[in-house]
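Student:
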Ligand SMILES: NC(=O)c1ccc[n+]([C@@H]2O[C@H](COP(=O)([O-])OP(=O)(O)OC[C@H]3O[C@@H](n4cnc5c(N)ncnc54)[C@H](OP(=O)(O)O)[C@@H]3O)[C@@H](O)[C@H]2O)c1
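Numbering (our numbering), first residue to last: 5 to 295.
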């Protein structure tokens with residue numbers, strides 16, 4: 005089996021590279037070697053590599069910047085996935101693409117299922133939703149895994165910020181009015197690889213039978229405050245911490261350009277039942293990540 009992985013240096017792409025390396029040959033690329041905003045180059049890349057499965061964890065993920073760079077974000081998140089889906093359909097292969105909980109407005113009041121109507125409230129969410137729609141419209145073989153609050157230690161993100169604040173601030177303030185499903189990039193990669201393994205030698209038929217949209221995230225839901233508390237709790241180098249108090253705050257205390265959904269936690273029952281894969285609760289993955 006041959007894979008094309010776009011976005012090998014991202015949080016998820018990094019883990020996919022390592023998790024899928026025993027499943028077949030992987031041709032892995034990232035920006036600027038390939039630019040998702042360049043449809044022509046993308047088509048050429050897919051036609052040259054001719055993968056059986058294209059893994060696309062690459063995306064324009066700068067939620068704040070997407071507000072002012074909408075057109076670029078749209079090319080990368082909205083247009084490119086459709087191009088990839090078209091090229092994979094021509095090859096008779098499959099596309100595994102990743103999307104976001106930010107396609108929802110967060111007003112539901114409980115975790116979202118796949119059939120809930122999306123209604124993004126920021127530019128990033130708008131572009132990612134377009135990407136989902138473009139992939140589905142091609143009607144090839146595809147899986148879209150919508151995930152939430154992806155973290156790893158590889159890139160500067162929420163976890164590294166919290167660890168840094170805990171070492172530099174006696175009082176930390178973390179918002180408790182945003183709820184999501186924290187998802188370890190490694191767990192996400194492993195669950196993706198398990199789906200591929202289940203297809204065995206009939207992988208393309210298997211993916212075709214199960215094609216569609218799935219929520220795939222750490223089980224349960226947490227506020228950013230709870231998430232930060234868990235990081236501080238499981239920090240293996242606690243002796244370096246100076247933090248004495250972690251207080252709750254409100255999103256309005258930290259003005260941002262992009263709006264965030266209040267509650268965009270994902271219900272992943274469809275994924276678990278379809279593929280018979282257990283998704284660990286969000287907190288236990290943080291414990292494992294921190295060692
Ligand atoms: N991070 C989250 O909290 C989160 C939450 C929900 C869903 N998701 C989704 O999950 C997937 C994986 O996210 P992640 O956190 O692993 O993302 P990430 O760490 O930001 O990695 C994204 C990768 O895409 C690359 N990329 C950006 N623009 C590109 C372009 N024009 N052409 C080619 N590659 C480009 C980036 O390269 P550069 O670093 O050079 O820009 C980076 O390597 C994405 O689909 C994302 O939308 C993420």
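Ideal Cβ placement from N, Cα and C applies to all residues, glycine included. Only a predicted model underlies this, so the values are computations on that prediction, with no experimental measurement involved.
Using a threshold of 9 Å, state whether the C-beta atoms of residue 28 and residue 54 are closer than that.
Tutor: For residue 28 and residue 54, no; Cβs fall outside 9 Å.
Student: In the DSSP assignment, find the unbroken alpha helix (DSSP H) run with residue 166 in it and report its ends.
Tutor: Its alpha helix (DSSP H) spans residues 162–172.
Student: Among 149, 97 and 39, whose alpha-carbon lies nearest the alpha-carbon of residue 78?
Tutor: Closest by alpha carbon: 39.
Student: Let me make sure I understand the geometry here. Which of 183, 36 and 292 has the alpha-carbon closest to that of residue 229?
Tutor: Comparing Cα positions, the closest option is 183.
Student: Between residue 188 and residue 222, is the Cβ-Cβ spacing less than 9 Å?
Tutor: Taking 9 Å as the Cβ cut-off, residue 188 and residue 222 qualify as a contacting pair.
Student: Please confirm whether any heavy atom of ligand 1 lies closer than 8 Å to the CB of residue 223.
Tutor: Every heavy atom of ligand 1 is 8 Å or more from the Cβ of residue 223, so no.
Student: Note down, in chain order, each residue of its chain lying with its Cβ closer than 6 Å to the Cβ of residue 100, except the 5 sequence neighbours on either side.
Tutor: Closer than 6 Å at Cβ, skipping near neighbours: 59 and 147.
Student: Contact check, residue 219 vs residue 278 under 8 Å by CB: the rounded distance?
Tutor: So it is not a contact: roughly 11 Å between Cβ atoms.
Student: Cα separation between residue 62 and residue 34?
Tutor: If I take the Cα positions, the gap works out to 8 Å.
Student: Could you check where the beta strand (DSSP E) with residue 176 kicks off and where it finishes?
Tutor: Looking at the DSSP string, the run of the beta strand (DSSP E) that includes residue 176 is 175–179.
Student: Taking only three categories from DSSP, how would you classify residue 272?
Tutor: It is coil, neither helix nor strand.
Student: Leaving aside the five residues before and after residue 249 along the sequence, list all residues of the same chain whose C-beta is less than 8 Å from its C-beta, in chain order.
Tutor: Cβ within range, chain order: 174, 175 and 176.
Student: Mapping DSSP to helix, strand and coil, what is residue 53?
Tutor: Three-state DSSP puts residue 53 in a helix.
Student: Drop a sphere of 10 angstroms on the beta-carbon of residue 246, count the other beta-carbons inside from all chains shown, and report buried for 16 or more, exposed for fewer.
Tutor: That one is exposed.
Student: Got a sec, what are the start and stop residues for the alpha helix (DSSP H) residue 22 sits in?
Tutor: 15–24 is the span of the alpha helix (DSSP H), which, as asked, contains residue 22.
Student: Considering only residues of the segment 237–285, which uninterrupted alpha helix (DSSP H) runs meet the minimum length of 4 residues and lie entirely inside it, listed in chain order?
Tutor: Listed in chain order, they are 273–279.
Student: Have a look at 9, 15, 24 and 10 and flag the residue whose alpha-carbon is nearest the alpha-carbon of residue 194.
Tutor: Cα-wise, what sits closest to residue 194 is 24.
Student: Taking C-alpha atoms, which residue in 126, 43 and 70 lies nearest to residue 109?
Tutor: It is 126.
Student: Measuring only from the beta carbon, is residue 197 closer than 8 Å to any heavy atom that is part of ligand 1?
Tutor: Result no, Cβ not under 8 Å from ligand 1.
Student: Which partner residues of residue 183 appear in the DSSP bridge assignment?
Tutor: Paired residue(s): 227 and 267.
Student: Comparing C-alpha positions only, which one of 97, 163, 199 and 160 sits nearest to residue 149?
Tutor: With distances taken between Cα atoms, residue 149 lies closest to 199.
Student: Are the segment 260–279 and the segment 79–89 touching, with three or more C-beta to C-beta distances below 8 Å?
Tutor: The answer is no - the segment 79–89 does not touch the segment 260–279, with fewer than three Cβ pairs under 8 Å.
Student: Cα separation between residue 47 and residue 204?
Tutor: Straight-line Cα distance between these residues: approximately 28 Å.
Student: At a cut-off of 8 Å, is residue 15 close to ligand 1 when judged by its beta-carbon and the heavy atoms of the ligand?
Tutor: Residue 15 Cβ: within cutoff of ligand 1.
Student: Taking just the CA atoms, how far does residue 128 sit from residue 135?
Tutor: Those two C-alpha atoms are separated by around 11 Å.
Student: Specify, as a first and last residue, the run of the alpha helix (DSSP H) that residue 125 falls within.
Tutor: No alpha helix (DSSP H) contains residue 125, which DSSP labels as neither H nor E.
Student: Is the beta carbon of residue 233 less than 9 Å from the beta carbon of residue 18?
Tutor: No, they are not a contact pair.
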